[in-house]
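Asks: So that we are looking at the same thing, I have put the structure below in structure tokens.
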Amino acid sequence: MSKPLLEVNNLKKYFPIKSGLLNRTVGHVRAVDDINIAINPGETFGLVGESGSGKSTVGKSIVRLTEKTSGDVIFQGQDLYGLSPQELRKIRPRLQLIFQDPYSSLNPRVRVGDAIGEALIDHGLVPAGEVRERVEEVLASCGLSSYHIDRFPHEFSGGQRQRIGIARALVLNPDLIIADEPVSALDVSIQAQIINLFRHLQETRGLTYLFISHDLSVVEHLCTRIGVMYLGTMMETAPRDELFKNPLHPYTKALLSAVPIPIPKLKRERIVLKGDIPSPANPPAGCKFHTRCPFAVERCKSEAPQFRNMGSDHHVACHLV
Ligand code: SF4
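Under the numbering used here, the residue at position 199 of the sequence shown is numbered 214, and the numbers go up by one with no gaps.
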């Protein structure tokens, strides 16, 4: 078996809550609370959960856009948090983050070709004379044309802007792309085009993805394995088909019940979860899902379930499974 390209071990990210004149720390928001993920080369791991589950903070902590509280992030055998600034800068092109709204990270006064090419120049990856050719090549692989190179961000549609976001990541020739809700702001028909683009780029370039989404129907089409997060904690992980056929955790079942089935005669019984996701500043004791779980028993209120291997690479944290 190949070694994982990325290993996230016991990752925690707590944000301090400050209060009072002296700005004292009075508590913590436990955005990510002991997460483990291993992603093999060429794999697409889907991380799903409602808004507030901490999945985006996992992505940002991996690339060190936000610094972890504890745990390890091992990429290509190197501990990313143990690297010097120079070593980190050297490895940065190999792992790239794509955001939901690439427009917000594009300078409206900078032409798209320059925005894509600047990272190449910054990292000294190609001689200055070859930057334009490389940008044209990467634009073409993302379904854009060479004449787009001199246009400004506002001249593009939402789908085209996401293609620019992907091109900006791709130009550095990464091994791992972390895509944080990359299609959730797009129309359904455009979503399909962008997902197909992700798939095509993976096939042609051997990319590995961590694909973050609140929508299980989006990750279904792209991911080989899926992890379901709730309130900073992993509730269930399994290979895609296994998770869709045999979901074990009540939270996964509820999320899946909202995914439409393409056969009109078949209908899943919709499980509507009551209430909102609790605050990660004050998570429930025991199983974090117990305040919304239709199957909760007394034990769930005081004892956190272990994350157990159920076989077939299927892991779940629930007392009743
Ligand atoms: Fe529900 Fe209890 Fe299982 Fe948590 S441990 S998911 S509360 S049944």
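We put the CB at the ideal spot given by N, CA and C, even for glycine.
On a predicted model such as this, the values are computed, not experimentally measured, just so you know.
From F30, I52, G247 and Y29, pick the residue whose C-alpha is nearest to that of L21; which is it?
Replies: I52
Asks: Assign A143 to buried or exposed, taking buried as 16 or more other Cβ atoms, counted over all protein chains shown, within 10 Å of its Cβ.
Replies: exposed
Asks: Within its chain, find whatever has a CB closer than 6 Å to the CB of S34; leave out the 5 residues flanking it on each side and keep chain order.
Replies: V41
Asks: From Q177 to L201, what distance separates their C-alpha atoms?
Replies: 9 Å
Asks: To which residues of the same chain is G173 closer than 7 Å at the C-beta, ignoring the five residues directly before and after it?
Replies: Within the same chain, and ignoring the five residues on either side of G173 in sequence, the residues whose Cβ sits closer than 7 Å to its Cβ are A200, L201 and I205.
Asks: Between the region 64–76 and the region 157–168, do three or more beta carbon pairs fall short of 8 Å?
Replies: no
Asks: I'd like the list of long-range same chain contacts for R126, defined as Cβ closer than 8 Å, with 5 residues on each side in sequence excluded.
Replies: I164, D165, R166 and F167
Asks: Does the Cβ of C157 lie closer than 6 Å to at least one heavy atom of the ligand SF4?
Replies: no
Asks: Let me know if G97 comes out buried or exposed under the rule of 16 or more other beta-carbons within 10 Å of its beta-carbon.
Replies: exposed
Asks: Would the beta-carbon of L335 be found less than 6 Å away from any heavy atom of the ligand SF4?
Replies: yes
Asks: Under the criterion of a Cβ to heavy atom distance below 6 Å, does F322 qualify as lining the ligand SF4?
Replies: no
Asks: Cutting at 7 Å between CB atoms, please list the residues of its own chain near R307, excluding the five before and the five after it.
Replies: Here the set comprises L288, K289 and G290.
Asks: In this structure, does DSSP put H14 in helix, strand or coil?
Replies: Residue 14 lies beyond the residue range present for the chain, which begins at 16 and ends at 336; the question has no answer from this structure.
Asks: If I follow the unbroken alpha helix (DSSP H) through K303, where does it start and stop?
Replies: No alpha helix (DSSP H) holds K303; DSSP gives it neither H nor E.
Asks: Which runs of the beta strand (DSSP E) at least 3 residues long sit entirely within the region 66–121? Give them in chain order.
Replies: Within the region 66–121, the complete beta strand (DSSP E) runs of at least 3 residues are 85–90 and 110–113.
Asks: Between the beta-carbon of Y266 and the beta-carbon of M244, is there less than 7 Å?
Replies: no
Asks: Taking 8 Å as the limit between beta carbons, can you name the residues of its chain near V153, skipping five residues before and five after?
Replies: Excluding residues within five positions, the ones whose Cβ falls inside 8 Å are I131, A182, L185 and V186.
Asks: Can you tell me whether T252 is helix, strand or coil according to DSSP?
Replies: strand
Asks: At what residues does the beta strand (DSSP E) containing E22 begin and finish?
Replies: L21 to S34
Asks: Report the rounded CA-to-CA distance for L110 versus L222, giving the unit in angstroms.
Replies: Going from the Cα of L110 to the Cα of L222 covers about 10 Å.
Asks: Would you check if the distance between the CB atom of G242 and the CB atom of V47 is smaller than 7 Å?
Replies: no
Asks: Which one of L36, I89 and H43 has the shortest CA to CA distance from K18?
Replies: Measuring from the Cα of K18, the nearest candidate turns out to be I89.
Asks: Mapping the DSSP letters down to three states, classify L6 as helix, strand or coil.
Replies: Residue numbering for the chain in the displayed model covers 16 to 336; residue 6 lies beyond these limits and cannot be assessed.
Asks: Could you tell me whether the Cβ of L231 comes closer than 7 Å to any Cβ of chain D?
Replies: Included in the structure is just one protein chain, with no chain D present.
Asks: By alpha-carbon positions, which one of L140, S119 and D230 ends up nearest to S273?
Replies: Per the sequence shown, residue 273 should be read as Ala rather than Ser. Closest in alpha carbon position to A273, among L140, S119 and D230, is D230.
Asks: Between the alpha carbons of I210 and E58, how many angstroms are there, rounded?
Replies: 15 Å
Asks: Just tell me which of G92, E218, V233 and E148 has its CA closest to the CA of A207.
Replies: If you compare the alpha carbons of G92, E218, V233 and E148 with that of A207, the shortest gap goes to V233.
Asks: Can you tell me the Cβ-Cβ gap for S85 and N25, rounded? I've got them flagged as a contact below 8 Å.
Replies: Contact between S85 and N25 holds, with the beta-carbon distance rounding to 7 Å and staying under 8 Å.
Asks: Is C238 close to the ligand SF4? I mean its beta-carbon at under 6 Å from any heavy atom of the ligand.
Replies: no
Asks: Assuming R149 is part of the alpha helix (DSSP H), what are its boundary residues?
Replies: V146 to S156
Asks: Using three-state DSSP, classify V125 as helix, strand or coil.
Replies: coil
Asks: Assuming I54 and L258 form a contact by the criterion Cβ under 8 Å, report the distance between their Cβ atoms to the nearest whole angstrom.
Replies: Contact doesn't hold; Cβ gap of about 16 Å is too wide.
Asks: With a 10 Å radius around its C-beta and 16 neighbouring C-beta atoms as the bar for buried, classify P295 as buried or exposed.
Replies: buried
Asks: Is P265 near the ligand SF4 - that is, is its Cβ less than 6 Å away from at least one heavy atom of it?
Replies: yes
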